[in-house]
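Here is the structure we will look at, set down as structure tokens.
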Ligand SMILES: [Zn+2]
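Residue numbers (our numbering), protein chains in the order written: chain A, 879 to 1251; chain B, 24 to 255.
Shown next, in the form of structure tokens:
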């Protein structure tokens, strides 16, 4: 299969930019998005979130089963919504990783079948970089991705700070969580507090009624031995850890109960949220400052969190960093972000990945598009 | 009748059938790379045969039972191909393919009962009970298919019905629990046989099933219990 020639109107239908169909299945959202260059034509998503509620977290096997049932209907709905046919598509992009292994497998197998059946080139791309690539569509960055760009990704599956030199060829991971993702910490804490799933919105809501300074919960990996200095960085200068926080919340609840006192759920929720948001934003801004990042994109499902947006905005402003947050439907996992990154890779002259590649649940962020295997 | 058949309930297998002829066949013994090998196999088989997807009369998929991840790779592939090409899509229970192979081999007495069993991992087998055709095939234009008596089920080999010979990999895995049918102790469902089963059913005017997967097991997810309260 040949690469799409973005400069040739014959391969792009004469319209600005290639017509790309993106497929996402790395967690619990089955997404199919279609873009024409930087123009978003559809962002169709089928979520299995409701099926995970009673378990208090995403169950990989349930997510994988849902992807199988949702794929063809979501594809059909996306084509209808965009008003395009498969014939008109220039290329297909699919999330190859990182993500849940069994879930990724469904989207990748589907994308390969789609590539075989249509004869279109297929690009196997990186989910994390796609969270940044989505900034190219939906009017997020009107003039395209700005220079000195960084991305803070916070969701149930990941917590990362990236430096983005070139979206198609140069992305670097500056820091990430070493255990739970921030969204996972919200879910686990919400379960301890009896607030249900997903934990983020429930805790954010309740936190408004509580005192964020009532309890001082730990800020993971903030000690000098982990931080070091700008000149001599410690081993986890820009990394996060949230597993100790969840334990601290559980211990706090137990102390109130053991003392026969009513558990101040709102105060705990507010204090927990403050601990998460404080450490995420302080380390992210530190990484930006020390890597010359002056434009920060906030993405991932937890970007919808009121307090995270507030404190990120405040600290970015103080540091002279311009903060941009895509629309909520573009922050959560979706196919449009995969299509958007695919379009950038095509425009950059990237080669397709063929159809023999495998999924990679821990695909490093430096691997933006898989080479033909 | 031109059929493309896929079965990923155990190995990843693909076959192109023109009437009763197997035009091309692909099989990979690796049970953990279905998502890698399936699409290239389909592409190569069709290209070598000079067949366009839209020329097919149907796509046929083995619906299991089988290990979940591999099974899904085959089903989503079959569904997507059929959707794009606009051709009918049919499901066949994967164990039916092995039952057909055993009956066609002539090693089973006519009208006798037998088991088909495959590897369900975790010390268990997927199995079903069949009756071989009565044998009065002279009057028929097409061979008769074995009759499904019971199943499919999943369970320990020790729990299989006693006294019936078994066709399939379960015989090789659990020789102490079952009597193997000669030549079939390491056999897995194959797309070529699956396609033949589908063809015979279509010729007989029978309705085929859809491609809903036969997982036979729930996901391992457990609903978390209530947190224990600390007491003073
Ligand atoms: Zn994500």
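Glycine included, each C-beta is placed from N, C-alpha and C at the ideal position.
Is the Cβ-Cβ distance between residue i and residue j less than 9 Å?
i: residue 999(A); j: residue 993(A); result: yes
i: residue 1060(A); j: residue 950(A); result: no
i: residue 1246(A); j: residue 1046(A); result: yes
i: residue 215(B); j: residue 31(B); result: no
i: residue 1251(A); j: residue 92(B); result: no
i: residue 1051(A); j: residue 1175(A); result: no
i: residue 1159(A); j: residue 1184(A); result: no
i: residue 1216(A); j: residue 940(A); result: no
i: residue 138(B); j: residue 188(B); result: yes
Please report the straight-line C-alpha distance between residue i and residue j, rounded to a whole angstrom.
i: residue 918(A); j: residue 986(A); result: 22 Å
i: residue 141(B); j: residue 33(B); result: 8 Å
i: residue 69(B); j: residue 1021(A); result: 45 Å
i: residue 1055(A); j: residue 1029(A); result: 14 Å
i: residue 84(B); j: residue 908(A); result: 22 Å
i: residue 1207(A); j: residue 55(B); result: 34 Å
i: residue 204(B); j: residue 130(B); result: 8 Å
i: residue 1100(A); j: residue 1064(A); result: 20 Å
i: residue 201(B); j: residue 180(B); result: 8 Å
i: residue 191(B); j: residue 1136(A); result: 59 Å
i: residue 920(A); j: residue 953(A); result: 11 Å
i: residue 1066(A); j: residue 934(A); result: 8 Å
i: residue 151(B); j: residue 136(B); result: 11 Å
i: residue 885(A); j: residue 1224(A); result: Residue placement at residue 885(A) cannot be trusted, given a pLDDT of 44 that sits under 50; what the coordinates show is reported in the next sentence. If I take the Cα positions, the gap works out to 10 Å.
i: residue 123(B); j: residue 231(B); result: 16 Å
i: residue 121(B); j: residue 213(B); result: 7 Å
i: residue 1219(A); j: residue 896(A); result: 12 Å
i: residue 1150(A); j: residue 1062(A); result: 13 Å
i: residue 105(B); j: residue 99(B); result: 10 Å
i: residue 1180(A); j: residue 1116(A); result: 19 Å
i: residue 1186(A); j: residue 1134(A); result: 28 Å
i: residue 1162(A); j: residue 1083(A); result: 24 Å
i: residue 71(B); j: residue 1204(A); result: 47 Å
i: residue 111(B); j: residue 988(A); result: 17 Å
Sort the options by Cα distance to residue i and report the nearest one.
i: residue 1172(A); options: 916(A), 1040(A), 1096(A) and 1020(A); result: 1040(A)
i: residue 906(A); options: 920(A), 931(A) and 914(A); result: 931(A)
i: residue 1131(A); options: 1208(A), 960(A) and 1095(A); result: 1095(A)
i: residue 1126(A); options: 1112(A), 1070(A), 1166(A) and 1167(A); result: 1070(A)
i: residue 976(A); options: 1250(A), 1089(A), 1243(A) and 1224(A); result: 1243(A)
i: residue 154(B); options: 172(B), 218(B) and 148(B); result: 172(B)
i: residue 1113(A); options: 1103(A), 1088(A) and 983(A); result: 1103(A)
i: residue 894(A); options: 1222(A), 1229(A) and 1241(A); result: 1222(A)
i: residue 1167(A); options: 1109(A), 1144(A), 966(A) and 915(A); result: 1109(A)
i: residue 923(A); options: 914(A), 937(A), 957(A) and 936(A); result: 957(A)
On the three-state DSSP scale, how would you describe residue i?
i: residue 104(B); result: helix
i: residue 1043(A); result: strand
i: residue 1102(A); result: helix
i: residue 1096(A); result: coil
i: residue 1134(A); result: helix
i: residue 1036(A); result: coil
i: residue 1029(A); result: strand
i: residue 963(A); result: coil
i: residue 890(A); result: Low confidence applies to residue 890(A): its pLDDT is 41, below 50, so where it sits in the model is not reliable enough to give any reading.
i: residue 1156(A); result: helix
i: residue 36(B); result: strand
i: residue 243(B); result: coil
i: residue 222(B); result: helix
i: residue 1051(A); result: strand
i: residue 933(A); result: helix
i: residue 1200(A); result: strand
i: residue 131(B); result: coil
i: residue 1167(A); result: helix
i: residue 1082(A); result: helix
To which residues does DSSP link residue i through a beta bridge?
i: residue 82(B); result: 27(B) and 112(B)
i: residue 923(A); result: 909(A)
i: residue 238(B); result: BP columns for residue 238(B) are empty, so no partner.
i: residue 137(B); result: 153(B)
i: residue 1005(A); result: Bridge partners of residue 1005(A): none, in fact.
i: residue 970(A); result: 899(A) and 1000(A)
i: residue 1183(A); result: Partner(s): none; residue 1183(A) has no beta bridge.
i: residue 232(B); result: 114(B)
i: residue 42(B); result: None, per the DSSP bridge assignment.
i: residue 178(B); result: 148(B)
i: residue 1247(A); result: 1003(A)
i: residue 203(B); result: 189(B)
i: residue 1238(A); result: Answer is none; residue 1238(A) lacks a bridge partner.
i: residue 1173(A); result: 1027(A) and 1200(A)
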